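Reviewing the structure listed below.
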Amino acid sequence: MYRKLMALSGAGMLLSASALAVHAQIVEPTTPPDPPVFPAQSEPVFVGISDIMEYRALDAYHEPEWVKENFVDTGKLPPVEERLPKEPLVYKAGNMPDGIGTYGDVMRHVIGGRPEGWNYIAGQSQGWGGIDIGMMECLTRVGPLFTVKADEVEPMPNLAKSWEWSEDGHQLTMQLIEGAKWSDGDPFDADDVMFYWEDHVLDPNVSPLNGATADTFGGKGTKLEALDDYTIRWTFEEAFPEQYLYQMAYGTFCPGPSHILKPEHPKYSDNTYDQYQNAFPPEFMNWPVMGAWVPVEYRSDDIVVLRRNPYYWKVDEEGNQLPYLDEVHYKLSTWADRDVQAVAGTGDFSNLEQPENYVESLRKAADDNAPARLAFGARTIGYTVYPNLSANGWGSPDARGQAIRELNRNLDFRKAITHALDRQRLGEALVKGPFTAIYPGGLYSGTSFYDKESTVYYPYSVETAQAQLEKAGLTDTDGNGIVNFPEDAEGVGGQDVEIVMLINGDYQTNRSLAEGIIAMMERIGLRVVLNIQNSNTEQDLLQGGKFDWALFRNSEELATALKFTERLAPVGPRSTWTRRAGTDGTLDLLPFEEEMVEVVNAFTSSRDNQERLELMKKYQKLYTENLWAIGVTQYPGALIINKRFANIPAGAPIFMFNWAEDNIIRERVYVPKDKQQDYELFAETLPGEPGADGPVN
Ligand code: GLA
């Protein structure tokens, strides 16, 4: 019987493609299947923001004994109360999962990225994995919002300690923390904020690390001015665009140390923009930060070591200056090694996010004696294929590239791609079990704005995909299994359709998914070849428009709709990463993209929750029905953290408003005295002068 069936299907394969199309079962779009149930393994304790923190002067302040003895008592540092701002940020003990902490020990991270240098506001990456998150502070903070009650969710104050809207809602006045200092003792004030805004966000020749542009804050009509050293005022074209408070958090509004950057910036020096960007290579030590830890040691392909910032401006309720951890390590390895080391106990932290490692990690963590705990959260990791929809010169494509862009803009072609994806199989190839779910694209199913009925899913069907390709004018005219451009296609007439897909090779998951996608595209006659880059160059190519398709791990906007909202649609010439203006500065938007932009703009300026929910339904429909981009898979990640650490909040997701390195509030994390280990490489030392070699004691 089995043999007979095989023979029959073999005979079927001899039928010509057109005969197949006639008998083919063409499938219709539907709603996506419900994802397999996968309950988060720990739930957050929901609180208000004022339960977590406040700004207040305390009667007395404390710091590690050795800092006082070796640095303050010897006159190397002013007393701690003089190093703190007038009113430090105070974390309340009642919200600390294990209460007031104690000083000492190290958090040993492992990362797959490599630092390009320290000039993050000119776009240099420090290698990711939370190294930059621990160094930079931003006007507001959103990572910990996963633990804030739904009806009280709004960005937390941070460098901006309070703000007020004008009556008409067009002006937002912010008070900065007063008297805080960079880690080298230089005052932090509105100069740093204005330097970031004027000479980075508004300067088109330079782009901060996470790509903030004027579009991030409402476009060219938005103004920012300093009223005095500690007061800044925004003016927006819209009334009450509270949404921008989210964009003032990590990634997009974290000022750099203007006192050492400004003299190198092309506007104030003879440097080129390139020279400016590269003025502070990884070897430059003691880079001034507002964050909890300062880089004091860099060994190429080996490790970056950071020590406590003696001017850090956050304390606990008993007046102990934070952070509790004196040192943090970033071993320069691979992302997969981060999982392995965290589970084995030779590293302390990992965002388990590559499903290929799930089964082994789970098995090892299940042992009672395992050094690390592992907890899964919601399904907030997802991958999407972004077709480059720009046909007016963005990224200067050649004739082939241009022809692909034209195809990308054709809905029939995008339908062919989505129908050709066997998402079930792609997910299972990563990991078997209830982890991965079919992802049509757009907002994740676990997001509060998600609506299944508004989500259009084009089921897997090779026949339908082939029929769609034909509709798009593509047939295999030379019989080599790959469809050809029509004879009259400009510059590429009759050639095989070959698509270059950009991926980041630092992650095995990207490679695994890409391989699956290549095979599935080949089945319908599309040849996909890979352009494999690392994290840093991938970003450059994406933002420069140098791709036909990009397979990309999604960013925060699809997990919350609130963070990076401007990336949900091309609301401005540079608001998203995959869809930017062409050489003439304009966006050649397709009609449905115009609608997406309207919806996202309405969402940004709405303060009515019901209306916002409705708008996101519309958004989801526009995105998934028109296949703005093509979703592949979504799955949950797990936080792995060594058991000796205290104050890890319950239910901390590895990714939501930000990554776990922000979410867990690392400056509050500590190791109880009886569990402390001897991992410090630079015990009892502090960062030295910027540019000097290493720490001082
Ligand atoms: C990388 C890692 C993530 C997370 C972020 C933090 O992207 O893959 O797990 O650590 O860095 O920026």
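Residues -24 to -1, 1 to 673 in mature numbering (1 follows the signal peptide of the UniProt record, and there is no 0) are what the sequence shown lists, from first letter to last. Just so it is clear, CB atoms sit at the ideal spot from N, CA and C, and this is done for glycine as well. Since we're looking at a predicted model, the values are computed, not measured.
Identity of the residue in the options nearest residue i by Cα
i, options, result
"W269", "K243, E259, L301 and K238", "L301"
"L445", "A156, F461, V265 and L60", "F461"
"Y646", "M72, D167 and P163", "M72"
"V182", "P131, L221, P242 and N602", "P242"
"L221", "T192, P233 and E213", "T192"
"N262", "D277, K125 and G93", "G93"
"G197", "I208, E213, A188 and T189", "E213"
"V82", "V281, N602, E404 and Q400", "V281"
"D564", "N368, T322, E140 and A255", "N368"
"F658", "Q652, P671 and K651", "P671"
"V304", "M111, G187, D144 and G119", "M111"
"I279", "I28, R90 and E569", "R90"
Reduced DSSP secondary structure (H/G/I, E/B, other) of residue i
i, result
"E128", "helix"
"L282", "strand"
"W104", "coil"
"T228", "coil"
"R503", "strand"
"N577", "helix"
"A(-4)", "Because the pLDDT of A(-4) is 48, which lies under 50, any placement of that residue in the model is unreliable, and the number read from its coordinates should be weighed accordingly. In this structure, A(-4) counts as helix in the three-state DSSP scheme."
"R550", "coil"
"V432", "coil"
"Y(-23)", "For Y(-23), the predicted model reports a pLDDT of 37, less than 50, meaning its position is unreliable and no value from the coordinates is stated."
"residue 688", "Outside the modelled stretch of the chain, which goes from -24 to 673, sits residue 688, for which no answer is possible."
"F352", "strand"
"Q596", "helix"
"T451", "strand"
"L478", "strand"
"L308", "strand"
"R385", "coil"
"E201", "strand"
"H176", "helix"
"E570", "helix"
"E491", "helix"
Beta-carbon gap between residue i and residue j smaller than 8 Å
i, j, result
"Q297", "Y37", "yes"
"T211", "Q147", "yes"
"T453", "G470", "yes"
"E491", "L406", "no"
"N327", "I2", "no"
"W635", "G227", "no"
"A526", "L518", "yes"
"T536", "T423", "yes"
"D168", "P217", "no"
"P12", "A413", "yes"
"I475", "D398", "no"
"E665", "D162", "no"
"P40", "Y79", "yes"
Residue i classed as buried or exposed, judged by whether at least 16 other C-beta atoms fall within 10 angstroms
i, result
"V505", "exposed"
"T248", "exposed"
"A342", "exposed"
"L203", "exposed"
"R642", "buried"
"G457", "exposed"
"E259", "exposed"
"N639", "buried"
"G(-15)", "Interpretation of G(-15) is limited by its pLDDT of 36, a score under 50 that renders its predicted location unreliable; the figure taken from the coordinates is listed afterwards. G(-15) is exposed by the Cβ-count criterion."
"E113", "buried"
"T559", "exposed"
"L662", "buried"
"K52", "exposed"
"S101", "buried"
"R583", "exposed"
"V(-3)", "Caution applies to V(-3), whose pLDDT of 49 falls short of 50 and renders its modelled position unreliable; the value that the coordinates give is listed next. V(-3) is exposed by the Cβ-count criterion."
"P180", "exposed"
"L323", "Before going on, a small fix: residue 323 reads as Gly here, not Leu. Its Cβ being crowded by 16 or more others within 10 Å, G323 is buried."
"G377", "buried"
Inter-residue CB distance, residue i and residue j (contact presumed, cutoff 8 Å)
i, j, result
"N386", "A465", "About 12 Å separates the two Cβ atoms, so there is no contact after all."
"P239", "G627", "Wrong, their Cβ atoms sit about 45 Å apart, outside the cutoff."
"L185", "Y96", "4 Å"
"R556", "S366", "7 Å"
"W42", "E532", "Between E532 and W42 the Cβ distance is about 39 Å, and since that is not below 8 Å, they are no contact."
"M224", "L115", "4 Å"
"A605", "G467", "Contact flag wrong, Cβ pair sits at about 26 Å."
"S430", "Q586", "At roughly 15 Å, the Cβ-Cβ gap does not stay under 8 Å, so S430 and Q586 are not in contact."
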